[in-house]
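See below for the structure under consideration.
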Amino acid sequence: MLPSDNVWNTHVDRLPVHSRSATFIRTIGRTASVHPDFSRQGRYGTPFNVVSSKTRRAPVRFTHGSESDRVRYPIPPRPRIERGSDRHILMLDRDRCRLFELFDARRVDGRWQAGSGATSDLRSNRLRPRGWTSADAAGLPILPGLVRYDEVVHQAGIQHALRFTVPKTRRAFLYPARHFASDSNATALPPMGLRVRLKRSVSLRGHGPQARAVIRALKRYGMILADNGSPWFITGAPHARWNDDDLRTLRRLRGRHFEVVDTRRLRNGSRR
């Protein structure tokens, strides 16, 4: 998803370590464990709906309308909706290569309403306007950062950065994020868009094939801070073939096994 020279799809294993890496890692939680926020044998996670140009488009009423894309959204008759309070609906239009995402979506009296909504052309590197949210707090698309089973079992593996959350963020954001979700200016707190990677020294030993695929991606592409939530929670899509015993070994990874990447020169459209 997204062009090959998009920052989501760019290797960061050779970029320098951020000068404030130790501070940010400590604030997020040096001893806190990584948590794969998906599976329990495939029953939970952030699902997505594959739609087509023939899927009926529906109007959506937004709470944050000034920062939402006011278009008709291709919501299936019985859409797969994320469980919990966020209630994301992700829709991938396979015919137009376009992504539609809603936050806090629900149907009331036969009409759809949501907190916010965004659409993205997956063939383009274009970002949302500066200061705008999306269906995610950082103003980023959600689907390109999910761990998906089809990638994990593919020979090429996961070829993009992953999405993750932390408990507290700063009133700031780094490229490619476009939005913050905090009232704090404390410099020890991480800004939205912060990118971390797993240290090279972390071994694959003792991990199954699914966890190994995630670990390789964390070393090569890292993960991007996209929302407030629990520390080191990595988002993935549900699938019946996830193996929880395999994925559970990811919890051996702690905050101290990560380092923050200096991404100041990393931009869409350029390879570094």
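Letter 2 of the sequence shown, counting from 1, is numbered 31 in the working numbering, and no numbers are missing.
Backbone N, C-alpha and C fix where the C-beta goes; we use that ideal spot for every residue, glycine too.
Small disclaimer: the values here were computed from a predicted structure and weren't measured.
Item, Value
"Unbroken stretches of the alpha helix (DSSP H), 4 residues or longer, contained in the segment 156-206", "178-181"
"Residues near Val63 in its chain [Cβ-Cβ closer than 7 Å; skip 5 each side]", "Trp261, Ile263, Leu279, Arg280, Leu282"
"Straight-line gap, Ile110 to Ser213 (C-alpha atoms, nearest Å)", "31 Å"
"Under 8 Å between C-beta atoms of Ile253 and Ala190", "yes"
"Contiguous alpha helix (DSSP H) assignments of at least 4 residues, all confined to the segment 31-67", "50-57"
"Residue from Lys197, Arg241, Arg192 with nearest C-alpha to Arg224", "Arg192"
"Cross-strand partners of Asn78 (DSSP beta bridge)", "Met120"
"Residues bridged to Asp2 (per DSSP)", "Because the chain here runs from 30 to 301, residue 2 falls outside it and cannot be looked at."
"Neighbourhood of Arg241 by C-beta distance below 8 Å, restricted to the same chain and skipping five residues each side", "Leu233"
"Candidates Ala266, Leu121, Asp291, Gly284: closest to Arg112 by CA position", "Ala266"
"Candidates Asp291, Arg49, Arg136: closest to Arg116 by CA position", "Arg136"
"Extent of the continuous alpha helix (DSSP H) run through Asp274", "273-276"
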